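The block underneath contains the structure these notes are about, expressed in structure tokens.
Numbering (this note's numbering), first residue to last: 120 to 768.
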């Protein structure tokens with residue numbers, strides 16, 4: 120579908136890409152991985168055409184559509200949620216408008232034999248055909264399903280987009296992109312602003328999507344669920360394997376051992392050649408052999424090995440000061456924002472040494488309760504901190520709270536005390552700030568670099584209770600592993616608000632599920648929580664916990680969030696089968712009428728056949744029959760789609 124041929128990209132003498140080539144085939148699910156700065160985002164921009172390569176070429180077939188979701192984008196705030204999202208169907212809406220105008224124009228024409236009338240009919244038929252091909256009958260249902268899947272409530276549809284936070288507005292852009300159904304998706308960290316349930320929904324959508332996907336993500340579970348091919352960018356080159364992320368990393372470890380052995384053998388060979396050259400360089404009798412060795416040395420294709428900084432894995436939080444057994448105890452906690460009730464009558468207790476996760480949909484009060492624990496928000500009810508509890512807090516916007524004026528080194532130097540001041544460069548190096556990186560101004564750092572710097576600041580002060588709100592946003596996979604290992608080995612208490620299942624797995628031993636203004640405790644890890652609920656995703660949990668709403672479809676009572684009995688399922692299948700036969704019968708009638716119309720068109724084209732009114736009368740009758748049949752087909756088709764939707768609800 121899309122071919123990249125010997126793509127190179129040079130930045131000021133530095134080669135980001137060195138003649139990389141690969142194909143993106145239809146229905147490919149490609150996970151694009153690599154260290155921060157390796158060029159993942161840049162490669163997506165090159166494919167999209169935003170950035171141009173220094174050399175090489177990109178082949179994109181004509182009419183191939185590409186949908187690109189960047190990490191950050193400019194968002195429009197002039198419409199309601201539904202008005203903004205419906206822009207994804209711009210072509211459909213334009214066609215719908217043209218059909219309406221044409222129908223009005225045709226109804227005003229009384230000369231049914233004029234060229235103008237016939238041209239308008241032909242144009243109308245073409246527009247109707249295009250409208251149906253693009254799924255015009257179902258686009259509003261698709262819009263609603265996508266927005267609900269991404270976490271919006273139906274009551275949000277008429278809210279102005281300016282009322283939503285940046286993360287929710289990013290979801291609007293994601294919804295628009297998904298609804299456009301491009302041939303190729305280029306997705307750069309699409310899960311950064313999604314909660315666990317929305318991530319599960321997006322996983323299912325992408326797994327069943329009919330086009331190709333190139334995905335950049337630091338969520339290992341998401342990569343494994345969606346992708347069946349992995350391309351890693353390293354040292355300006357790519358490694359391309361048809362396997363998911365976890366299998367790729369296992370394969371890579373095995374290949375690295377083979378590569379290291381080859382590298383060591385090559386280094387020994389180079390050393391032997393260089394020793395020979397140095398030893399006999401000035402002996403006339405060995406001149407030929409020396410020149411031969413020099414040529415041999417120049418022809419060696421040297422193996423490059425990517426350095427692995429194992430020092431980063433030794434990072435740990437300072438020992439936690441002793442505290443009482445109870446860290447936090449709360450009774451009857453409620454919180455309102457004006458008239459909006461967010462938390463209602465919540466009791467909980469956190470004890471020393473627990474590792475706890477707050478999970479649930481965005482907007483259910485996870486961050487609000489974390490801020491109440493931090494005593495940042497007024498609230499109803501009683502909350503008490505235990506004896507000698509010292510809290511370290513990492514907010515979602517912690518990276519944005521950094522002073523952007525100082526350098527990386529100065530930022531840590533300003534808060535370091537005692538012996539730590541002599542180890543600042545070692546600490547920064549362990550968090551992947553090495554060499555000239557420590558002298559960068561904070562304002563030029565990437566989101567991931569700022570997050571790591573904010574985490575260093577948190578780690579320099581001894582605390583016994585860590586409250587972390589989405590700490591992994593903007594961290595790459597390796598940095599998340601460093602943080603996770605440090606938290607596992609931390610001997611204090613941890614409360615983490617996160618949507619990252621892989622990060623929570625093996626870290627937490629208690630999960631609080633936020634739902635309907637309550638927080639319910641579940642003992643065990645994140646996947647224990649899912650298993651206990653006997654669900655495959657938290658999306659199903661949402662369905663099970665929400666009250667049923669009753670609606671009517673074609674005069675029949677149905678449940679919007681329903682579980683059908685066997686008898687109900689049987690009746691639905693029988694109805695769908697009956698409607699499919701009706702649609703098939705009507706389509707056959709339409710075909711017969713169109714064939715007869717074509718025959719009359721042939722007769723009317725011959726002047727000898729125009730005597731009398733019989734042919735004209737029959738022609739007009741067929742046109743009316745065709746119109747009636749088409750209207751009947753549209754009604755039947757709409758009813759059939761409604762019942763199919765009900766079945767799959």
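The beta-carbon is built from N, C-alpha and C at its ideal position, and this holds for glycine as well. All values derive from a computational prediction rather than experimental measurement.
C-beta atoms of residue i and residue j nearer than 9 Å
{"i": "residue 355", "j": "residue 139", "result": "yes"}
{"i": "residue 491", "j": "residue 629", "result": "no"}
{"i": "residue 299", "j": "residue 207", "result": "yes"}
{"i": "residue 307", "j": "residue 267", "result": "no"}
{"i": "residue 389", "j": "residue 409", "result": "no"}
{"i": "residue 596", "j": "residue 337", "result": "yes"}
{"i": "residue 481", "j": "residue 314", "result": "yes"}
{"i": "residue 447", "j": "residue 584", "result": "yes"}
{"i": "residue 691", "j": "residue 745", "result": "no"}
{"i": "residue 651", "j": "residue 621", "result": "no"}
{"i": "residue 351", "j": "residue 295", "result": "no"}
{"i": "residue 124", "j": "residue 179", "result": "no"}
{"i": "residue 305", "j": "residue 269", "result": "no"}
{"i": "residue 582", "j": "residue 531", "result": "no"}
{"i": "residue 527", "j": "residue 557", "result": "yes"}
{"i": "residue 517", "j": "residue 577", "result": "yes"}
{"i": "residue 246", "j": "residue 218", "result": "yes"}
{"i": "residue 552", "j": "residue 601", "result": "no"}
Per DSSP, cross-strand counterpart(s) of residue i
{"i": "residue 499", "result": "453"}
{"i": "residue 638", "result": "633"}
{"i": "residue 199", "result": "279"}
{"i": "residue 129", "result": "134"}
{"i": "residue 353", "result": "356"}
{"i": "residue 612", "result": "584"}
{"i": "residue 176", "result": "124"}
{"i": "residue 504", "result": "447"}
{"i": "residue 186", "result": "304"}
{"i": "residue 511", "result": "585"}
{"i": "residue 536", "result": "Answer is none; residue 536 lacks a bridge partner."}
{"i": "residue 526", "result": "560"}
{"i": "residue 348", "result": "149"}
Whole-number beta carbon distance between residue j and residue i, since they are thought to touch under 8 Å
{"i": "residue 842", "j": "residue 501", "result": "In the structure as shown, the chain begins at 120 and stops at 768. Residue 842 is therefore absent and cannot be evaluated."}
{"i": "residue 345", "j": "residue 185", "result": "Not a contact, Cβ separation roughly 18 Å."}
{"i": "residue 162", "j": "residue 151", "result": "7 Å"}
{"i": "residue 309", "j": "residue 188", "result": "6 Å"}
{"i": "residue 759", "j": "residue 709", "result": "Their Cβ separation, rounded to whole angstroms, is 16 Å, which puts residue 759 and residue 709 out of contact at 8 Å."}
{"i": "residue 142", "j": "residue 122", "result": "5 Å"}
Backbone secondary structure at residue i - three-state DSSP
{"i": "residue 248", "result": "helix"}
{"i": "residue 422", "result": "coil"}
{"i": "residue 396", "result": "helix"}
{"i": "residue 546", "result": "helix"}
{"i": "residue 441", "result": "coil"}
{"i": "residue 564", "result": "coil"}
{"i": "residue 305", "result": "strand"}
{"i": "residue 761", "result": "helix"}
{"i": "residue 748", "result": "helix"}
{"i": "residue 123", "result": "strand"}
{"i": "residue 324", "result": "helix"}
{"i": "residue 551", "result": "coil"}
{"i": "residue 468", "result": "strand"}
{"i": "residue 226", "result": "helix"}
{"i": "residue 140", "result": "strand"}
{"i": "residue 680", "result": "The predicted model places residue 680 with a pLDDT of 37, which falls under 50 and marks its position as unreliable, so this point remains unresolved."}
{"i": "residue 620", "result": "helix"}
{"i": "residue 602", "result": "helix"}
{"i": "residue 479", "result": "strand"}
{"i": "residue 331", "result": "strand"}
{"i": "residue 150", "result": "strand"}
{"i": "residue 668", "result": "Confidence is the limiting factor: at residue 668 the pLDDT is only 39, short of 50, which leaves the residue's position unreliable, though a coordinate-based value still follows. In the structure shown, residue 668 sits in coil (DSSP, three-state: anything other than H, G, I, E or B)."}
{"i": "residue 76", "result": "A query on residue 76 cannot be resolved here, the shown segment of the chain reaching from 120 to 768 and no further."}
Any non-hydrogen atom of the ligand PLP closer than 8 Å to residue i Cβ
{"i": "residue 745", "result": "Of the ligands one can find in the structure shown there are none, so the ligand PLP has no counterpart to examine."}
CB contact below 9 Å: residue i versus chain D
{"i": "residue 124", "result": "Structure shown: chain D not included; a single protein chain is present."}
Cβ contact (3+ pairs, closer than 8 Å) linking the segment 169-180 and the segment 376-394: no
So, do the segment 455-469 and the segment 591-607 have three or more beta carbon pairs nearer to each other than 8 Å? no
Are at least three pairs of beta-carbons, each pair with one atom in the segment 576-596 and one in the segment 612-622, less than 8 Å apart? yes
Can you find at least 3 beta carbon pairs, one from the segment 216-226 and one from the segment 154-168, that sit closer than 8 Å? no
Are at least three pairs of beta-carbons, each pair with one atom in the segment 638-648 and one in the segment 621-628, less than 8 Å apart? yes
Mind the definition here: the segment 519-526 touches the segment 556-573 only if three or more C-beta pairs lie below 8 Å; say whether that holds. yes
Examine the Cβ distances between the segment 347-367 and the segment 633-643 and report whether three or more of them are shorter than 8 Å. no
Closer than 8 Å is the cut-off here; do at least three beta carbon pairs connect the segment 410-426 with the segment 363-383? yes
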